[in-house]
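The structure under discussion appears below in the form of structure tokens.
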Amino acid sequence: MTDTSDGLDFAAATTEPVEDWATDYDIFDPDYIADPFPIWDDLRGGCPVAHTDRWQGSWLPTKYDDVVALARMVPELSSTDPIVVKPPSDDTADANAYSTVNAPPISSDPPVHTWSRRLILPAFSPKATEAHEPFTRQLCQDLIAQFIDRGEVDAAGEYAQQIPPRVIAHLLGVDPERADDFVEWVNGVLGAGLSRPEVRTHYRGKIREFFMAEIADRKANPKDDLISELLAAEIDGEPVPDLHVAGTCNLLLVAGIDTTWSSIGAALWHLATHSDDRQLLVDDPSKLDNAIEELLRAYAPVTMARVVQEQTEFQGVTFEPGDKILMNFPGANRDPEAFENADVVDLERQRNRHVAFGVGIHRCAGSNLARLEMQVAIGEFLKAIPEFHLAEGANVTWAGGQVRGPRKLPIVF
Ligand code: HEM
Numbered sequence: 010m011t012d013t014s015d016g017l018d019f020a021a022a023t024t025e026p027v028e029d030w031a032t033d034y035d036i037f038d039p040d041y042i043a044d045p046f047p048i049w050d051d052l053r054g055g056c057p058v059a060h061t062d063r064w065q066g067s068w069l070p071t072k073y074d075d076v077v078a079l080a081r082m083v084p085e086l087s088s089t090d091p092i093v094v095k096p097p098s099d100d101t102a103d104a105n106a107y108s109t110v111n112a113p114p115i116s117s118d119p120p121v122h123t124w125s126r127r128l129i130l131p132a133f134s135p136k137a138t139e140a141h142e143p144f145t146r147q148l149c150q151d152l153i154a155q156f157i158d159r160g161e162v163d164a165a166g167e168y169a170q171q172i173p174p175r176v177i178a179h180l181l182g183v184d185p186e187r188a189d190d191f192v193e194w195v196n197g198v199l200g201a202g203l204s205r206p207e208v209r210t211h212y213r214g215k216i217r218e219f220f221m222a223e224i225a226d227r228k229a230n231p232k233d234d235l236i237s238e239l240l241a242a243e244i245d246g247e248p249v250p251d252l253h254v255a256g257t258c259n260l261l262l263v264a265g266i267d268t269t270w271s272s273i274g275a276a277l278w279h280l281a282t283h284s285d286d287r288q289l290l291v292d293d294p295s296k297l298d299n300a301i302e303e304l305l306r307a308y309a310p311v312t313m314a315r316v317v318q319e320q321t322e323f324q325g326v327t328f329e330p331g332d333k334i335l336m337n338f339p340g341a342n343r344d345p346e347a348f349e350n351a352d353v354v355d356l357e358r359q360r361n362r363h364v365a366f367g368v369g370i371h372r373c374a375g376s377n378l379a380r381l382e383m384q385v386a387i388g389e390f391l392k393a394i395p396e397f398h399l400a401e402g403a404n405v406t407w408a409g410g411q412v413r414g415p416r417k418l419p420i421v422f
């Protein structure tokens, strides 16, 4: 299948069927992507830290306490290259791309992590985030206006997907009209690129080129935007290197698009398939904020990885240096030892210490913005379209691997 403007193959690489999830799991398996919940339930009951040799090998914890403990295990577990499960390929070009444009702070350990995170936090404070609310609301209203008269829409492709790239563009100060390009690039890195190195290398290069050009432009003409702010910042009296700024912009694009698109899409999928929950929010929109937390818990999209630095015993297994550990935040959120009726989506749930945004030093820096986008996107949708459901025979497709969410969501109203 070739479905990109650059003619690259975006179909996930195919793999052998899984016989034993405890010793041979595959996060790219279609069953895992479609419905990972019973798989995690089984593993928790028998082999809570599963292992696989696939994709160069990794460990998969499934219990809340274990995932939280592992996410806090710094410096024993590192976030530097690679933070993703790498495809089985000796890809030197990719390794070069990685070393020149990294993605700080997510791809760094302390002390680099500490200052590179501090650099971006002001841009994501509650107050700074609020400033993006009018833009986000107008954007959602404009998108809805484009399809409301049709009575049907692909809510993933034509709505959820359209929001985060424009909000990130607004925040970074780059052209929102490039939104389609951003989506394609991010898909190339985080979607198909996870299992196809040539796709990932290609799109990493595009992102790097784009931001290096934006940086050159801001140096000549500083603006009131985040790229200019990052270029004006100093670390120990020295300007932040251009490549670091490009790496951080790369991260914000990659971290901010697929994740939030997936969460908005999963929330709309839930409401399209659970009419009581949809009605609950239509009748009382003040319940939306709480509902968003539950939808984040239940359909947490992001699974990152860490690399073991030294031999470590953990819950009866031995991690060796170089082993990869998946930070299974989505699985932790479904652990019945941590959440009452963990597999029930209860939009009025009160005790909800979910880890959809991670935990520890790498906890999502953009969580305020992600919540704002979800609240505005779902709120505006319900206001304009209070009744909707899946189209008959709808072919809903989900992306999986390390960011899970619906990619086609045909609904009617
Ligand atoms: C619902 C949407 C989102 C979800 C579920 C999510 C989830 C996560 C998770 C789980 C991590 C931790 C990764 C780890 O432990 O290695 C993370 C980190 C991060 N996220 Fe998000 N994210 C979302 C949206 C965003 C947005 C909109 C932005 C900003 C544009 C953003 C920026 C970041 C950054 C900068 C980090 C790295 C923080 C660090 O390493 O210190 N995220 N995110």
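With this note's numbering, the residue at position 17 of the sequence shown is 26, and numbering never jumps.
Where a beta carbon is used, it is the ideal one built from N, C-alpha and C, also for glycine.
Skipping 5 residues on each side, what residues in its chain have a beta carbon closer than 8 angstroms to that of T257?
A112, P113, P114, S125, L128, I129, L239
Please list, in chain order, all residues of the same chain as A102 whose beta carbon is under 7 angstroms from its beta carbon, the five residues on each side excluded.
Its pLDDT being 36, under 50, A102 is placed unreliably in this model, and the coordinates cannot settle the point.
Is it buried or exposed, D99, if we count other Cβ atoms within 10 angstroms and call 16 or more buried?
Its pLDDT being 37, under 50, D99 is placed unreliably by the model, and the measurement read from it follows with that caveat. Classification for D99: exposed.
On a Cα-Cα basis, can you pick out the residue from G410, K333, G325 that is closest to G66?
K333
Relative to the alpha-carbon of S87, which residue among V412, V317, M383 has its alpha-carbon at the smallest distance?
V317
Can you give me the Cβ contacts of F46 inside the same chain, cut-off strictly under 8 angstroms, excluding the 5 residues immediately before and after it?
R343, D352
Would you check whether ligand 3 has a heavy atom nearer than 6 angstroms to the C-beta of V311?
This structure lacks ligand 3; the ligands present are ligand 1.
Rounding to the nearest angstrom, what Cα-Cα distance links K296 and V58 in this structure?
36 angstroms
If you measure between the beta carbons of L180 and L235, is that distance less than 7 angstroms?
With respect to the 7 angstroms criterion, L180 and L235 are classified as neighbours on the basis of their beta carbons.
Over what stretch of residues does the beta strand (DSSP E) that includes I224 continue unbroken?
Looking at the DSSP string, I224 is not in any beta strand (DSSP E); the run it does join, the alpha helix (DSSP H), is 206–229.
Which residue wins for smallest C-alpha separation from A309, given the options M82, F338, I420?
F338
Check whether the Cβ atoms of W270 and P173 lie closer than 7 angstroms to each other.
yes
With a threshold of 8 angstroms on Cβ separation, who are the neighbours of L356 within its own chain once the five nearest residues in sequence on each side are excluded?
D286, L289, L290, K296, N299, A300, E303, L304
Taking Cβ to Cβ, would you say V121 is nearer than 7 angstroms to I370?
no
Assuming A145 and L381 are in contact, meaning their beta carbons sit under 8 angstroms apart, how far apart are those beta carbons, in whole angstroms?
The displayed chain sequence assigns Thr, not Ala, to residue 145. Indeed, because the Cβ distance is near 6 angstroms, the residues count as touching under 8 angstroms.
Am I right that I36 and W407 are in contact with their C-beta atoms under 8 angstroms? What's the rounded C-beta distance?
With a Cβ gap of about 13 angstroms, I36 and W407 do not count as contacting.
Tell me whether L378, by its Cβ, gets closer than 6 angstroms to a heavy atom of ligand 1.
yes
Pairwise C-alpha distance: D158 and R187:
The straight-line gap from Cα to Cα measures roughly 26 angstroms.
How should Q155 be labelled, buried or exposed, when 16 other C-beta atoms within 10 angstroms of its C-beta is the threshold for buried?
exposed
So, A281 versus F397, is the Cβ gap smaller than 7 angstroms?
yes
Can you grab the Cα-Cα spacing for the pair P185 / P143, in whole Å?
15 angstroms
Between L199 and K215, what straight-line distance do the alpha-carbon atoms span, to the nearest angstrom?
The straight-line gap from Cα to Cα measures roughly 14 angstroms.
H363 and R315 - do their beta-carbons sit closer together than 7 angstroms?
no
Alpha-carbon spacing of Y34 relative to E247, whole angstroms:
46 angstroms
Please work out which residues of its chain come closer than 7 angstroms, Cβ to Cβ, to S376, disregarding the five sequence neighbours upstream and downstream, and give them in chain order.
F366
Going by DSSP in three states, F37 sits in which element: helix, strand or coil?
coil
Kindly examine ligand 1 and report whether one of its heavy atoms sits closer than 6 angstroms to the Cβ of T89.
no
Which residue comes first and which comes last in the alpha helix (DSSP H) that contains R372?
Counting along the chain, R372 falls outside any alpha helix (DSSP H), and DSSP gives it neither H nor E.
Considering only heavy atoms of ligand 1, does any lie closer than 6 angstroms to the CB of P185?
no
Residues of its chain near I394, where Cβ-Cβ distance is below 8 angstroms and the 5 sequence neighbours each way are ignored:
I153, I157, F422
Here's the rule I'm using: 16 or more other beta-carbon atoms within 10 Å means buried, otherwise exposed. How should P135 be labelled?
exposed
At a cut-off of 6 angstroms, would you count P114 as near ligand 1, judging by its Cβ distance to the nearest heavy atom?
yes
Output the distance between the C-alpha atoms of L262 and S117, rounded to the nearest integer angstrom.
17 angstroms
For H279, verify whether its CB is less than 6 angstroms away from any heavy atom of ligand 1.
no
Beta-carbon proximity list for V249, same chain, < 8 angstroms, skipping 5 on both sides:
L128, L239, L240, A242, E243
Could you spell out the range, first to last residue, of the beta strand (DSSP E) harbouring G340?
Looking at the DSSP string, G340 is not in any beta strand (DSSP E); the run it does join, the alpha helix (DSSP H), is 338–341.
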